[in-house]
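A.B. asks:
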Amino acid sequence: MTRQTATNEPVRTPPIKGVRRAPGVYELTWAPDGRATWSYGGEKFAGLPHIVWHRIGTHSILDRPVAEGCLAGAGHRLVG
Numbered sequence: 019m020t021r022q023t024a025t026n027e028p029v030r031t032p033p034i035k036g037v038r039r040a041p042g043v044y045e046l047t048w049a050p051d052g053r054a055t056w057s058y059g060g061e062k063f064a065g066l067p068h069i070v071w072h073r074i075g076t077h078s079i080l081d082r083p084v085a086e087g088c089l090a091g092a093g094h095r096l097v098g
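Throughout the sequence shown, residue numbering follows the working numbering, covering 19 to 98 in sequence.
Below, the structure written as structure tokens:
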């Protein structure tokens, strides 16, 4: 996906997709081997999303997308 800046230059949006073994956790890719995992947290300010960052690193972070084994504040366990 691309969008235009004020100077009319295209800006690439990093690919985002769900992590298969961790429902509710998403992966953001910014480089061939650059990844971050995150989830939505409880609302802190009305109408604004709250992002909980879990891990940042290489493709290997997907082996354990949430370092502590559960989603922060959601009470969900990892599957698989």
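A virtual CB, placed ideally from N, CA and C, is assigned to each residue, including glycine.
(1) Candidates F63, W48, T76: which alpha carbon is nearest V29's?
(2) Kindly indicate which three-state DSSP category L66 falls into: helix, strand or coil?
(3) Between which two residues does the beta strand (DSSP E) containing T55 stretch?
(4) In the DSSP assignment, find the beta strand (DSSP E) that holds L46 and state where it starts and stops.
(5) Which stretch, first to last residue, makes up the beta strand (DSSP E) that contains V29?
(6) Quick check: T55 and H77, are their CB atoms within less than 8 Å of each other?
(7) Going straight from the alpha carbon of G75 to that of P32, what length do you get?
C.D. replies: Based on what the coordinates show:
(1) Nearest C-alpha to V29: W48.
(2) Looking at L66 - three-state DSSP - the assignment turns out to be coil, as it is neither helix nor strand.
(3) Under the DSSP assignment, T55 falls in the beta strand (DSSP E) whose first and last residues are 52-58.
(4) Its beta strand (DSSP E) spans residues 43-49.
(5) Residues 28-30.
(6) No, the Cβ-Cβ distance between T55 and H77 is not below 8 Å.
(7) Straight-line measurement puts the Cα of P32 at about 15 Å from the Cα of G75.
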